[in-house]
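S.K.:
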Amino acid sequence: MNQEYPSTLLEKAVREFSKLPGIGRKTATRLVLHLLRKKEAEVAAFSDAMITLKREAKYCTICHSISDTDICPVCANPLRDHSIICVVENIQDVMAVENTMQYRGVYHVLGGVISPMDGVSPSDLQIESLVSRVAEGGVKEIILALSSTMEGDTTNFYIYRKLSKYDVKLSVIARGISVGDELEYADEVTLGSSIINRTPFGGKTL
Numbered sequence: 473m474n475q476e477y478p479s480t481l482l483e484k485a486v487r488e489f490s491k492l493p494g495i496g497r498k499t500a501t502r503l504v505l506h507l508l509r510k511k512e513a514e515v516a517a518f519s520d521a522m523i524t525l526k527r528e529a530k531y532c533t534i535c536h537s538i539s540d541t542d543i544c545p546v547c548a549n550p551l552r553d554h555s556i557i558c559v560v561e562n563i564q565d566v567m568a569v570e571n572t573m574q575y576r577g578v579y580h581v582l583g584g585v586i587s588p589m590d591g592v593s594p595s596d597l598q599i600e601s602l603v604s605r606v607a608e609g610g611v612k613e614i615i616l617a618l619s620s621t622m623e624g625d626t627t628n629f630y631i632y633r634k635l636s637k638y639d640v641k642l643s644v645i646a647r648g649i650s651v652g653d654e655l656e657y658a659d660e661v662t663l664g665s666s667i668i669n670r671t672p673f674g675g676k677t678l
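Numbering follows this note's numbering, in which position 44 of the sequence shown is assigned residue number 516; successive positions increment by one, without gaps.
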């Protein structure tokens, strides 16, 4: 049953909010009404922050994480171990791993996982740039930290095939992350333990 709105302006705002992932019309209505109760300056600050983010945010030219500069703080940090690359699906996963404070290497953000059902092929992801980073030398280990789903496992195997000719260790995070779980929703202790107790891709012990 369609919800009736007393104002077309309200309905339009709700429609836009409900386009966000995980936001239904009820939640969108609650958010819009919340903003409507705020002072105009506060709403303007919210709007300006979103517009500025869209206009000025960059993606790191090395790892593809979001950044204020061409090279993100992690990639630019000489104290990080640049010989270890943690491969993740999205920027939220970078944030999740960083929050564990258990990892001192660098990252590579794929921008998704291979999913033919959703029309996502290897060419849609940042896989070739990962291969290029390995080919340049200096990389000792690739940690495949993708979600333990069918799509994640498919992507792991594809990357394994692409990197098989290089002298680099491939490992996967330990299955402390339950099958089917998204990395960004794992608690910090479990995720940190999964990074530390990673195993070589193929199941052998490190």
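Even glycine gets a Cβ: it sits at the ideal position worked out from N, Cα and C.
#1: Quick one: what's S643 bridged to in DSSP?
#2: When the distance is taken between beta carbons, is V560 closer than 8 Å to V566?
#3: Near S593, which residues of its chain fall below 8 Å by C-beta distance, leaving aside the five closest residues on each side in sequence?
#4: Mapping the DSSP letters down to three states, classify D540 as helix, strand or coil.
#5: Using the DSSP secondary-structure output, state which residues sit across from H580 in a beta bridge.
#6: Should S539 go down as buried or exposed, given a rule of 16 or more other Cβ atoms within 10 Å for buried?
#7: Would you check if the distance between the CB atom of V640 and the CB atom of I614 is smaller than 8 Å?
#8: Tell me, which residues are paired with K637 by DSSP?
#9: Distance, Cα to Cα, H554 vs T626?
#10: Is K530 helix, strand or coil when you go by DSSP?
#11: Alpha helix (DSSP H) containing E476: first to last residue?
#12: List the endpoints of the continuous alpha helix (DSSP H) containing K498.
M.R.: With the structure as the only source:
#1: Residue 643 sits at position 171 when you count from the first residue of the sequence shown. Per DSSP, I615 and P672.
#2: On the sequence shown, residue 566 is found 94 positions in, with the first residue counted as 1. On the sequence shown, residue 560 is found 88 positions in, with the first residue counted as 1. Yes, these two residues count as a Cβ contact at 8 Å.
#3: Along the sequence shown, one-based indexing puts residue 593 at 121. Within the same chain, S593 has close Cβ partners I586.
#4: Taking the sequence shown and counting its residues from 1, one reaches residue 540 at position 68. D540: coil per DSSP, three-state reduction.
#5: By 1-based counting over the sequence shown, the position of residue 580 is 108. As a beta-bridge residue in DSSP terms, H580 pairs with V559.
#6: Taking the sequence shown and counting its residues from 1, the one referred to as residue 539 is at position 67. The C-beta of S539 has 16 or more other C-beta atoms within 10 Å across all chains shown, which makes the residue buried.
#7: As a first step, residue 640 is located in the sequence shown; it is residue number 168 there, counting from the start. As a first step, residue 614 is located in the sequence shown; it is residue number 142 there, counting from the start. The answer is yes: Cβ separation under 8 Å.
#8: Residue 637 sits at position 165 when you count from the first residue of the sequence shown. Paired residue(s): none; K637 is not in a bridge.
#9: Residue mapping note: residue 554 aligns to position 82 of the sequence shown, counting from 1. Residue mapping note: residue 626 aligns to position 154 of the sequence shown, counting from 1. Taking the straight line joining both Cα atoms gives about 26 Å.
#10: Your numbering for residue 530 matches position 58 in the sequence shown. Here K530 sits in strand by DSSP.
#11: Stepping through the sequence shown from its first residue, residue 476 is reached at position 4. Where E476 is concerned, there is no enclosing alpha helix (DSSP H), given that its DSSP letter is neither H nor E.
#12: Taking the sequence shown and counting its residues from 1, the one referred to as residue 498 is at position 26. Residues R497 to R509.
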